[in-house]
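Asks: Dropping a structure here in structure tokens format, bear with me for questions.
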Amino acid sequence: MLKDGEPVCNSPDHDINEPHELWSGTKSFLGIMAAIAAKDGLLSLDEPVAVTLTEWQGDPQRSKVTLRHLLSMTSGHKSRIGRPPGYEAAVASDINSLAGLKFQYGAVPSQIFGEVMRRKLKAAGQSGGPRAYLEQRLFAPLGLAGYRWRNGPDKQPLMPQGVIMSASEWAKFGEFVRLGGRVDGIQIVDQETFEALFEGSAANAAYGLSWWLPRPSSSKDVVTATTDIDDHADSLPDDMVVAAGAGNQRLYVIPSLGLTIVRLADLDLGAALRGDKERWSDYVFLELTLNAAHSRSVPQNN
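Mapped onto UniProt numbering, the consecutive letters of the sequence shown carry residue numbers 1 to 302.
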């Protein structure tokens, strides 16, 4: 845990510099990538995906999907949890709902966003792809190192779940978010796009654009059920934002309290597939952590 950028607590049983699977915590990088790309003039959230994926232009459903829909999991693509398809297969995936109508969490929208970024960067003369772009524009300026990023079946970087990163490095990213998208005091994101990342949708108020939020949610999907922050929204800081991955990997960022908190754990695949939230409570963890931070009674390495 960091308070105003300074470490105040870490576990003595784990090496905070050892790389660890973030799983869907990876998705939190996508919204930030979009905010940086908007700053660079590459995209806007409400532009139709079909502007870039021209094969979608004649389709009555796909042509209405925007980048905002992809990042908010409301693009209409079926909710599929598990091994992500390659970019091309994701682009060709079936749609079962009108854009914006339903929250359907899954890997496909993130993979489609990866292909959108790949094509946009290529058109702009940047052939390295989305991973190279994020590394150049964000990871290198933040000094992130020692991470890995797994590829999918098409050898492209997995957008929904590919990053393997240590707690200390993920915390640096959290600090970047806490400070409003700034590196050394310089904002590298588009402000309007950055703020939009932390606004829920009509389909699921507890999920913004790749980030979870403490908001009451009517969504009944299995992934929303894996966290209880929506059930305790009135008791949690309103400005808290959360990156979450399978196995209860968590990055909590609370600007009003100056806190960045990382929690990493081994993945219980059975519990993840069941949507089991009985064994882990974000609310209980946060209640204990925030009480300790408030009282300033948290010793080092406790």
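Even glycine gets a Cβ: it sits at the ideal position worked out from N, Cα and C.
Would you call the segment 216 to 231 and the segment 181 to 198 touching, i.e. three or more CB-CB distances under 8 angstroms?
Replies: No, because fewer than three Cβ pairs between the segment 216 to 231 and the segment 181 to 198 fall closer than 8 angstroms, the two stretches do not touch.
Asks: In this structure, how does DSSP classify T260 when only helix, strand and coil are distinguished?
Replies: Correct three-state label for T260: strand.
Asks: Name the one or two DSSP bridge partners that W212 has.
Replies: Note: W212 sits in a beta bridge opposite Y207 and V242.
Asks: Would you kindly work out how many angstroms separate the C-alpha atoms of G128 and S44, rounded to a whole number?
Replies: Computed Cα separation, rounded: 21 angstroms.
Asks: Using a Cβ-Cβ cut-off of 7 angstroms (strictly less than) and excluding sequence neighbours within five positions of L288, which residues of its own chain qualify?
Replies: Result list for L288: empty, nothing under 7 angstroms.
Asks: Should F103 go down as buried or exposed, given a rule of 16 or more other Cβ atoms within 10 Å for buried?
Replies: That one is buried.
Asks: Pull up the DSSP beta-bridge partners for T66, would you.
Replies: Its beta-bridge partners are P48.
Asks: Can you give me the start and stop residues for the alpha helix (DSSP H) that Y147 sits inside?
Replies: That residue, Y147, is in no alpha helix (DSSP H); it is neither H nor E in DSSP.
Asks: Measuring alpha carbon to alpha carbon, tell me which of A38, E6, N17 and R148 ends up nearest E192.
Replies: For the residues A38, E6, N17 and R148, the minimum Cα distance to E192 belongs to A38.
Asks: Could you have a look at V116 and say whether DSSP puts it in helix, strand or coil?
Replies: Note: V116 maps to helix in three-state DSSP.
Asks: Skipping 5 residues on each side, what residues in its chain have a beta carbon closer than 6 angstroms to that of P299?
Replies: Bear in mind that a pLDDT of 46 at P299, under 50, signals an unreliable position, so the number given afterwards is only what the model happens to contain. There are no such residues.
Asks: Rounded to the nearest angstrom, what separates L158 and E115 at their Cα positions?
Replies: Computed Cα separation, rounded: 11 angstroms.
Asks: Going by DSSP in three states, K3 sits in which element: helix, strand or coil?
Replies: Of the three classes helix, strand and coil, the one that applies to K3 here is strand, per DSSP.
Asks: Might you give, ordered along the chain, the residues of its own chain that have their beta carbon closer than 6 angstroms to the beta carbon of V223, omitting 5 neighbours on each side?
Replies: Cβ within range, chain order: Y105.
Asks: On the CB-based measure, 16 or more other CB atoms within 10 Å of its CB, does T54 come out buried or exposed?
Replies: So T54 counts as exposed.
Asks: CB L134 to CB M33, shorter than 8 angstroms?
Replies: Against a cut-off of 8 angstroms, the Cβ pair of M33 and L134 comes out as a contact.
Asks: On the three-pair Cβ rule with 8 angstroms, is the segment 23 to 32 touching the segment 160 to 170?
Replies: Touching, per the Cβ criterion.
Asks: Considering only their Cβ atoms, is the gap separating P48 from V65 smaller than 8 angstroms?
Replies: Yes, the Cβ-Cβ distance between V65 and P48 is below 8 angstroms.
Asks: Could you tell me the alpha carbon to alpha carbon distance between N302 and P7, rounded to whole angstroms?
Replies: Because the pLDDT at N302 is just 34, under 50, the model does not fix this residue reliably, and the value given afterwards should be weighed accordingly. Each residue's alpha carbon lies about 12 angstroms from the other.
Asks: So, helix, strand or coil for L236, using DSSP?
Replies: Here L236 sits in coil by DSSP.
Asks: Classify P109 as helix, strand or coil using the three-state DSSP reduction.
Replies: Helix at P109.
Asks: From V262, Q57, W212 and D94, pick the residue whose C-alpha is nearest to that of P19; which is it?
Replies: Comparing Cα-Cα distances from P19 to each of V262, Q57, W212 and D94, the minimum goes to V262.
Asks: Taking P60 as the reference, give the member of M73, S97 and A123 with the closest Cα.
Replies: The residue with the shortest Cα to Cα distance from P60 is S97.
Asks: Report the three-state DSSP secondary structure of L22 (helix, strand or coil).
Replies: In the structure shown, L22 sits in coil (DSSP, three-state: anything other than H, G, I, E or B).
Asks: To the nearest angstrom, how far is the alpha carbon of L251 from that of A196?
Replies: Taking the straight line from one Cα to the other gives about 19 angstroms.
Asks: In the structure shown, what three-state DSSP assignment does residue 309 receive?
Replies: No answer is possible for residue 309: it lies beyond the span of the chain, which begins at 1 and ends at 302.
Asks: Check for me: the alpha helix (DSSP H) holding M33 runs from which residue to which?
Replies: Start and end: S28 to K39.
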